[in-house]
Amino acid sequence: MKNKMKYIGIILLLFVVATIGCHAQQKTKQRAENWYSYSKHYDEPSETFYYLTRIKHKDSQGNLNKLRIAHSTVLEGEAVHQFAKRMGAVLAFNASMGIKRKTDEDKLLPVGIQILEGKILQQRKSRVYTLGIKPNNELVAYPPGTTPEMILKDGTANALTAFIPLIKNFKPVDESLLDLVPNFKAVHPRQIIAQMENLDIVFLSCGGRGFEGKGMLATDVIRILQKEGVKFAFMLDGGGSTSTVIDDTLITPKIDKHGTKERLRPNFLYFMSHQ
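What follows is the structure in structure tokens.
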């Protein structure tokens with residue numbers, strides 16, 4: 176009887192050890208699949224809090240963490256949080272500026288050029304730059320006057336117009352470019368997409384207008400991102416449009432209506448899970 180009980184005890188012990196080992200492997204796998212992260216910082220010169228969201232170029236299995244563009248299916252546009260829920264996106268960000276609607280029957284449209292999966296959705300004249308996304312996630316900036324056909328010929332199948340590049344080949348752009356839009360030299364909430372030399376992507380999202388700080392100048396975000404060692408940076412729509420959603424949570428402060436309302440946007444940049 177004692178031998179039998181001892182035998183049962185050994186079996187139970189082996190089962191517990193195997194179970195613990197299985198859980199340990201699952202945790203390790205989850206950590207290995209952690210292809211994005213975010214952190215909150217305070218910038219003393221601008222007196223503003225900001226978030227850095229980092230996305231690895233590929234996951235632990237070698238799959239590209241594809242940067243995607245999508246357009247709102249709703250007439251008046253969608254809040255980024257609303258869009259992320261609809262799509263099941265892990266990460267979602269605001270992108271282009273919107274064209275003011277004249278009537279309630281008008282659709283909220285983005286500015287400039289819009290290309291999705293090789294299809295030209297929109298071609299409007301603009302004095303600002305277009306952000307292009309190559310098939311391997313490489314980011315490029317096309318100056319005003321570049322046509323959608325030229326962008327496609329350059330091997331870029333996804334593109335959207337926003338503001339301007341801030342950093343190219345590790346160096347700040349010429350200061351004259353910052354004169355293109357007056358608000359670049361005023362403090363505002365900002366949304367910036369940047370890229371490291373290894374093609375990892377970084378988003379800088381900052382507060383402003385009294386919500387998590389005063390806001391930043393274009394030169395403030397250039398200073399911060401240069402310290403981060405980014406090779407490329409591009410300014411997206413900012414102000415009350417600044418919205419970053421991670422795992423179904425809006426991490427950036429609401430700005431509009433005294434900090435109570437998310438602004439509706441015409442298009443989005445986002446990432447999906449591989450699972």
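The numbering used here puts the sequence shown at residues 176 to 450.
Cβ coordinates follow ideal geometry from the N, Cα and C atoms, glycine included.
Contacts around residue i, its chain only, beta-carbon distance under 8 Å, and the 5 residues preceding and following it disregarded
| i | result |
| --- | --- |
| residue 224 | 215, 216, 217, 218, 381, 382, 387, 388 |
| residue 442 | 244, 245, 246, 247, 270, 271, 285, 289, 335 |
| residue 348 | 339, 340, 341, 342 |
| residue 241 | 312, 446, 447 |
Residue i - containing beta strand (DSSP E), residue span
| i | result |
| --- | --- |
| residue 297 | 294–297 |
| residue 343 | 340–343 |
| residue 227 | 223–230 |
| residue 438 | Here residue 438 belongs to no beta strand (DSSP E), and DSSP marks it neither H nor E. |
| residue 420 | 419–421 |
| residue 308 | 305–308 |
First through last residue of the alpha helix (DSSP H) which encompasses residue i
| i | result |
| --- | --- |
| residue 432 | 431–434 |
| residue 374 | Premise fails: residue 374 is in no alpha helix (DSSP H) and is neither H nor E. |
| residue 327 | 323–328 |
Contacting residues, own chain, Cβ-Cβ under 6 Å from residue i (five flanking each side not counted)
| i | result |
| --- | --- |
| residue 420 | 255, 256, 259, 267 |
| residue 293 | 332 |
Integer-rounded CB distance, given that residue j should sit under 8 Å from residue i
| i | j | result |
| --- | --- | --- |
| residue 416 | residue 384 | Not confirmed; about 12 Å, so no contact. |
| residue 434 | residue 364 | Wrong, their Cβ atoms sit about 11 Å apart, outside the cutoff. |
| residue 393 | residue 353 | 5 Å |
| residue 232 | residue 375 | 5 Å |
| residue 228 | residue 377 | 7 Å |
| residue 314 | residue 306 | 7 Å |
| residue 447 | residue 264 | 6 Å |
| residue 213 | residue 426 | 7 Å |
Counterpart residues of residue i in DSSP-defined beta bridges
| i | result |
| --- | --- |
| residue 383 | 386 |
| residue 289 | 297, 335 |
| residue 349 | For residue 349, which the question treats as bridged, DSSP gives no partner whatsoever. |
| residue 273 | 285 |
| residue 391 | 363 |
| residue 215 | 226 |
| residue 444 | 244, 268 |
| residue 278 | Per DSSP, none; premise fails for residue 278. |
| residue 424 | 421 |
Three-state class that DSSP yields for residue i in the structure shown
| i | result |
| --- | --- |
| residue 399 | helix |
| residue 236 | coil |
| residue 261 | helix |
| residue 313 | coil |
| residue 252 | coil |
| residue 202 | Any answer about residue 202 is weak, because its pLDDT of 33 lies below 50 and its placement is not dependable; what the coordinates show is given next. Of the three classes helix, strand and coil, the one that applies to residue 202 here is helix, per DSSP. |
Spatial neighbours of residue i in its chain, beta-carbon cut-off 7 Å, leaving aside the 5 residues before and after
| i | result |
| --- | --- |
| residue 449 | 234, 238 |
| residue 483 | The question about residue 483 has no answer here: the residues shown for the chain are numbered 176 through 450. |
| residue 252 | 273, 283, 439, 440, 441 |
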